[in-house]
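What follows is a single structure, written as structure tokens, with notes after it.
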């Protein structure tokens with residue numbers, strides 16, 4: 014039974030993060046970029062990386078998956094029982110760890126369980142202020158659209174006031190994403206997507222372009238915006254131009270579309286489709302390097318803060334400020350996590 018007023022329903026790839034610090038040797042061994050996110054299939058020869066890091070490092074295990082991180086961070090600013098998360102996991106201990114982590118932070122896990130495939134995992138290789146992610150989706154990519162027709166999920170989506178899908182989900186879950194997007198359209202409910210990683214707009218352009226018309230909010234960072242520009246024939250150095258293109262992309266909704274592009278420690282750009290010549294720029298609080306513990310999940314925390322604030326009726330200015338606060342808080346923690354007891358960020 015679902016009890017609670019779940020205003021945010023998020024969907025993505027639930028993963029258990031395996032975090033290794035000072036992982037320069039592993040980056041070099043597998044020829045990985047210091048600040049990147051890839052699927053294991055994109056880099057043949059990386060299959061042994063998970064066994065390698067468990068032997069070479071003192072691994073820190075954390076509940077991960079970008080959209081799941083964002084949902085937990087949205088819950089941080091929302092009243093209890095406000096967020097629910099859809100994704101596929103295995104029938105194993107990793108799934109139990111994910112459920113327990115979500116329950117601890119108030120996120121409802123509306124998982125589909127795959128009995129034959131293990132829960133997905135992600136090697137998080139930390140070097141200085143950078144993190145490189147290598148993901149094995151496992152059960153996450155076995156998500157099937159029929160889960161959206163279960164009584165639990167039907168009830169969740171009927172009550173939702175905001176939908177959010179991680180771009181990573183588009184590598185396998187286009188049909189499910191479009192089902193959720195069409196439900197949002199029918200109910201005039203805001204629908205948001207995160208570009209998630211450069212390879213999404215680069216290699217999954219067609220899937221992204223099918224989903225964008227349903228969106229009222231698109232979030233990405235400068236690397237993802239540059240990849241979007243490359244796949245859409247735009248100038249990648251003109252981030253404002255890229256934001257305008259996304260904002261003015263075909264729309265099936267009667268609501269303006271907001272585009273947010275973060276740039277790490279540099280200013281965040283916000284542009285809305287009904288005011289495309291009015292680009293808003295928001296400075297990011299400077300954090301000294303000795304206060305930075307881990308940048309993994311900072312973008313997820315930012316997105317969660319924005320979503321939570323918007324659901325509470327805050328303006329886009331206020332929502333970006335909340336997002337920045339959670340992003341700063343996240344980089345002072347180990348992994349994609351926030352401070353407990355909770356701090357008031359509103």
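Numbering (our numbering), first residue to last: 14 to 359.
Yeah, the Cβ is synthetic: ideal placement off N, Cα and C, and Gly gets one too.
Sequence-distant residues of its chain with Cβ nearer than 7 Å to residue 331 (five each side left out): 322
Endpoints, beta strand (DSSP E) assigned at residue 293: 288–295
Cβ distance (whole Å) where residue 97 is taken to contact residue 43 below 8 Å: That belief does not hold up - the Cβ atoms of residue 97 and residue 43 are roughly 36 Å apart, past 8 Å.
Chain-order list of residues whose beta-carbon lies under 7 Å from that of residue 120 (same chain, five-residue window excluded): 84, 85, 88, 96 and 98
Euclidean distance between Cα positions of residue 354 and residue 117: 12 Å
Inter-stretch contact (C-beta, 8 Å, three-pair minimum) for the stretch 246–255 and the stretch 211–229: no
From 238, 147 and 265, residue whose alpha carbon lies closest to that of residue 281: 238
Nearest to residue 163 (by Cα), restricted to the options 154, 142 and 126: 126
Where the alpha helix (DSSP H) containing residue 63 begins and where it ends: 62–69
DSSP-derived helix/strand/coil call for residue 77: strand
Cβ separation of residue 208 and residue 262, assumed to be a contact under 8 Å, to the nearest whole Å: About 13 Å; that fails the 8 Å criterion.
Cross-strand partners of residue 101 (DSSP beta bridge): 125
Local conformation of residue 143 per DSSP, three classes: strand
Reduced DSSP secondary structure (H/G/I, E/B, other) of residue 303: helix
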